[in-house]
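Working notes, beginning with the structure itself.
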Amino acid sequence: MLAMRNVNAGYGSFRALFDVSLEVKAGETVAVIGPNGAGKTTLLRVISRLIDATSGQMTMEGEPLDRVPPHEVISRGIAHVPEHRRLFPRLSVEDNLRMGAFIAPARAQFKRRLELVYQLFPRMQERRRQLAGTLSGGEQQMCAIGRALMSGPKLLLLDEPSAGLAPVVVQSIFEAVRTMSAEGYTVLIVEQNIRQVLRVAQRGYLLETGRIHATGTSEQLLATGAVKQAYLGM
Amino acid sequence: MQIFDLFLLEAVVNGVLLGGILALLALGLNLIFGVIDVVWICYAELIMVGMYAVYYLHTMFGWPLWLAFPASVALVAVLGTALHQLVIRPVLSAEPINQLLVTGGVLFFLQGVATLAFGVEFKNLGVQLPPLHLGELYLSSARLIAFAVALGGMVAMYLFLKRTYLGTAIRAISQDRAVMPLMGVDPRRIFLTTSALGGALAGLAACLLVLQYDIHPAIGLSFGPVAFLVCVLGGLGNMIGGFAAAFIFAEFISIGGYFLDLDWGYVIAFLFFIAVMFFRPRGLFGGKA
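Sequence order for the protein chains is A and B. Note that the first sequence covers residues 127 to 360 in this note's numbering. Note that the second sequence covers residues 31 to 319 in this note's numbering.
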């Protein structure tokens, strides 16, 4: 579905990604793991076209993605749940979800998808009139994921959904990711919480200092020396 | 011995009517500031252009008012987008003081152009509406119409902002501009739409004011500073606050004017404004964060 080949990117003279190649197939849940500052967020921002790749190719369902303006990426079927969730704090939960359905084809499906989001996160229905800024961290993450689902994406990009959340809440977020995965959503998820994310992902990439250092199924990655040593403390 | 004073009642009612039009002026300024983070210092000069548009379309080209009014609203809306595209966009990330200076420059530019094009003499639309008798109360129908239309315009704007996707995006963009592309929203388009709406509100105000006031190139100075003060009083960028502040301010002018005289009404209203600024510098109802 999504393919990146030898993508390089950075900010000004700072290079954040070096020759990154990765692929996400339809129906897969793929994890990108790695430490802080490895370039995981940059990777997702390149896919969403929020920053330009300096070289390399990106395709979504075979169509080149490299020249698409950022606000049209979502119409190609890619929804991005950004770092820090970035909800609209002074809009209600439902208005945040409405913003997720802004693109024309999504508006006709608003009611139906709202039901789906409320099924996945019943808490959002309870809080639908509440301002997003007053939600707890976990609820905000649910709202942010729900907002992305409102566009009816083919591919969901999740940036550190567990960041800053209490362990119990992290569990419920990964539970939701597992549910989405089981329901056939295609997900590319970036995480520092390696143990948890490799439990819901089928495959993964290890990203360190902007380079892909290892790739394989979740079991293979967990067995990799580098992952074991550096992140799992074994 | 009268139980209540008829003229005081008239002053209170006139204050409400004035409040309606001030609220409309404040709404346009607050919308632009709330969304784009720029104060259109030249807002009242857009109204001046709109008033001239009504005047010339009606008296020179013989357009009926029902046609001249919407045409003028559309013209000022286009002027609003031009203002954004040509003047605001290049300074969007500049210092606020520079943004104030450029829109201030547009104020003098529009005044100058109007003086050159239309001359300094006062022009009057020549439409006299008969006053309305309500029991023993005499009320200007131009003011009543202005009040009703202003209120209608504000309700329409409120519903638009609350109920539509575009309106929700306009509210959202003021809270997080950078995330908008992820929603499929092109921020530039939202800014242009908002500028057109701000212009349309100025055009609507022009249609209402032209029924009550003579037109001259400096007419903007009669509304601009007051509209700006009302916005600050209500909390800059706070549309509901601006709405309430408009009525408070108008009653100060109107009731103060009743007890002393009209000019004193303004003095009292400005004194009230200054006092509020001492105690609540972010306005009565708090401004945009």
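Ideal Cβ placement from N, Cα and C applies to all residues, glycine included. Keep in mind the model is a prediction, meaning the values are calculated, not measured.
Coil, strand or helix - Met307/B by DSSP
Mapped onto the second sequence, residue 307/B falls at position 277. Residue state, collapsed to three classes: helix.
Would Gly110/B and Ala226/B be called neighbours here (beta carbons separated by less than 9 Å)?
Mapped onto the second sequence, residue 110/B falls at position 80. Mapped onto the second sequence, residue 226/B falls at position 196. In this structure, Ala226/B lies closer than 9 Å to Gly110/B by Cβ.
Pick helix, strand or coil for Thr89/B, following the three-state DSSP scheme.
Taking the second sequence and counting its residues from 1, one reaches residue 89/B at position 59. Under the three-state reduction of DSSP output, Thr89/B falls in the helix class.
If we define contact as Cβ-Cβ less than 9 Å, is Gly226/A a contact residue for chain B?
Taking the first residue of the first sequence as position 1, residue 226/A is located at position 100. So, interface residue.
What does Tyr195/B reach in chain A if we use C-beta pairs closer than 7 Å?
Start at 1 with the first residue of the second sequence, and residue 195/B comes out as number 165. Listed along chain A, the residues sitting closer than 7 Å to Tyr195/B by beta-carbon distance are Arg224, Phe228 and Arg233.
Rounded to whole angstroms, what's the CA-CA distance from Leu36/B to Tyr288/B? Just pull it up for me.
One-based indexing of the second sequence puts residue 36/B at position 6. One-based indexing of the second sequence puts residue 288/B at position 258. Looking at the two C-alpha atoms, the distance is approximately 11 Å.
Cβ-based burial, Met130/A [other Cβ within 10 Å; buried from 16]:
Start at 1 with the first residue of the first sequence, and residue 130/A comes out as number 4. Buried, since its Cβ has 16 or more Cβ neighbours within 10 Å.
Determine the closest residue to Ala164/A out of Val326/A, Glu286/A and Ala258/A, with distance taken between C-alpha atoms.
Locating residue 164/A in the first sequence gives position 38, counting from the first residue. Ranking Val326/A, Glu286/A and Ala258/A by Cα distance to Ala164/A puts Glu286/A first.
At a CB distance below 7 Å, what residues from the segment 164-176 of chain A approach chain B? Give them in sequence order.
Within the segment 164-176 of chain A, those residues whose Cβ lies closer than 7 Å to any Cβ of chain B are, in chain order, Ser174 and Leu176.
Could you pull out every residue in the same chain whose Cβ sits closer than 8 Å to the Cβ of Leu333/A, ignoring the five residues on either side in sequence?
As a first step, residue 333/A is located in the first sequence; it is residue number 207 there, counting from the start. Same-chain partners within the cutoff: Val146, Val158, Ile159, Gly160, Ala164, Gly165, Lys166, Leu169 and His339.
Kindly list the residues whose CB is nearer than 6 Å to the CB of Gln365/A, restricted to its own chain and excluding five residues on each side of it in sequence; keep chain order.
This structure does not reach residue 365/A, given that chain A is present from 127 up to 360, and the question cannot be answered.
Taking Cβ to Cβ, would you say Ile315/A is nearer than 9 Å to Tyr357/A?
As a working mapping, residue 315/A is identified with position 189 in the first sequence. As a working mapping, residue 357/A is identified with position 231 in the first sequence. Taking 9 Å as the Cβ cut-off, Ile315/A and Tyr357/A do not qualify as a contacting pair.
Whole alpha helix (DSSP H) runs in the segment 238-263 of chain A with 4 or more residues, listed along the chain?
Unbroken alpha helix (DSSP H) stretches of 4 residues or longer found wholly inside the segment 238-263 of chain A: 248-252, given in chain order.
Measuring alpha carbon to alpha carbon, tell me which residue in Thr335/A, Leu143/A, Thr343/A and Glu309/A is nearest Val323/A.
Translated into the one-based positions of the first sequence, residue 323/A becomes position 197. Of the candidates Thr335/A, Leu143/A, Thr343/A and Glu309/A, Thr343/A places its Cα closest to the Cα of Val323/A.
So is Met90/B buried or exposed if we call it buried at 16+ other beta carbons inside 10 Å?
As a working note, residue 90/B is residue 60 in the second sequence. Looking at its Cβ environment, which holds fewer than 16 other Cβ atoms inside 10 Å, Met90/B is exposed.
Let me make sure I understand the geometry here. Which of Gly226/A, Asn162/A, Val296/A and Gly136/A has the alpha-carbon closest to that of Glu182/A?
In the first sequence, the residue the question calls residue 182/A occupies position 56. In the sequence as displayed, the identity of residue 182/A is Gly instead of Glu. Nearest to Gly182/A by C-alpha distance, out of Gly226/A, Asn162/A, Val296/A and Gly136/A, is Gly136/A.
At 4 residues or longer, and completely inside the segment 182-207 of chain B: list those alpha helix (DSSP H) runs for me, N to C.
195-203, all fully within the segment 182-207 of chain B.
Endpoints, the alpha helix (DSSP H) within which Met130/A is located
In the first sequence, counting from the first residue as 1, residue 130/A sits at position 4. First-last for Met130/A: Leu128 to Tyr137, but that is the beta strand (DSSP E), not the alpha helix (DSSP H).
Please report the distance separating the alpha-carbon of Thr350/A from that of Ala258/A.
To locate residue 350/A, count along the first sequence from 1; it is residue 224. To locate residue 258/A, count along the first sequence from 1; it is residue 132. One C-alpha to the other measures close to 40 Å.
Can you give me the C-alpha to C-alpha distance between Asn44/B and Leu284/A, rounded to a whole angstrom?
One-based indexing of the second sequence puts residue 44/B at position 14. One-based indexing of the first sequence puts residue 284/A at position 158. If you take the alpha carbons of Asn44/B and Leu284/A, they lie about 57 Å apart.
Please name the residue in Glu309/A, Leu291/A and Glu345/A whose C-alpha comes closest to that of Leu282/A.
Looking up residue 282/A in the first sequence gives position 156. The option with the nearest alpha carbon to Leu282/A is Glu309/A.
Applying a beta-carbon distance threshold of less than 7 Å, which residues of chain B neighbour Arg216/A?
Residue mapping note: residue 216/A aligns to position 90 of the first sequence, counting from 1. Here the neighbours are Gln205.
Flag this pair as yes or no: are the beta carbons of Phe253/B and Leu55/B separated by less than 9 Å?
Mapped onto the second sequence, residue 253/B falls at position 223. Mapped onto the second sequence, residue 55/B falls at position 25. Taking 9 Å as the Cβ cut-off, Phe253/B and Leu55/B qualify as a contacting pair.
Measure the alpha-carbon distance for Leu251/B versus Phe138/B and round it to whole angstroms.
Position 221 of the second sequence, counted from the first residue, corresponds to residue 251/B. Position 108 of the second sequence, counted from the first residue, corresponds to residue 138/B. If you take the alpha carbons of Leu251/B and Phe138/B, they lie about 11 Å apart.
Cross-chain neighbours of Ala202/B in chain A, by beta carbon under 7 Å:
Residue mapping note: residue 202/B aligns to position 172 of the second sequence, counting from 1. Per Cβ cutoff of 7 Å: Phe214, Leu217 and Met225.
Roughly how many angstroms separate the alpha carbons of Leu162/B and Ala172/B, rounded to a whole number?
What you label residue 162/B is simply residue 132 of the second sequence in a count that begins at 1. What you label residue 172/B is simply residue 142 of the second sequence in a count that begins at 1. Whole-angstrom Cα-Cα distance: 9 Å.
Starting from the beta carbon of Ser139/A, find every residue of chain B whose beta carbon is closer than 9 Å, and list them in chain order.
Here residue 139/A refers to the residue found at position 13 when the first sequence is read from its first residue. The premise fails here: Ser139/A is roughly 21 Å from chain B at the closest Cβ pair, so nothing lies under 9 Å.
Exposure label - Ile66/B; buried when at least 16 CB within 10 Å:
Here the question's residue 66/B lines up with position 36 in the second sequence. Around the Cβ of Ile66/B, a 10 Å sphere holds 16 or more other Cβ atoms; the residue is buried.
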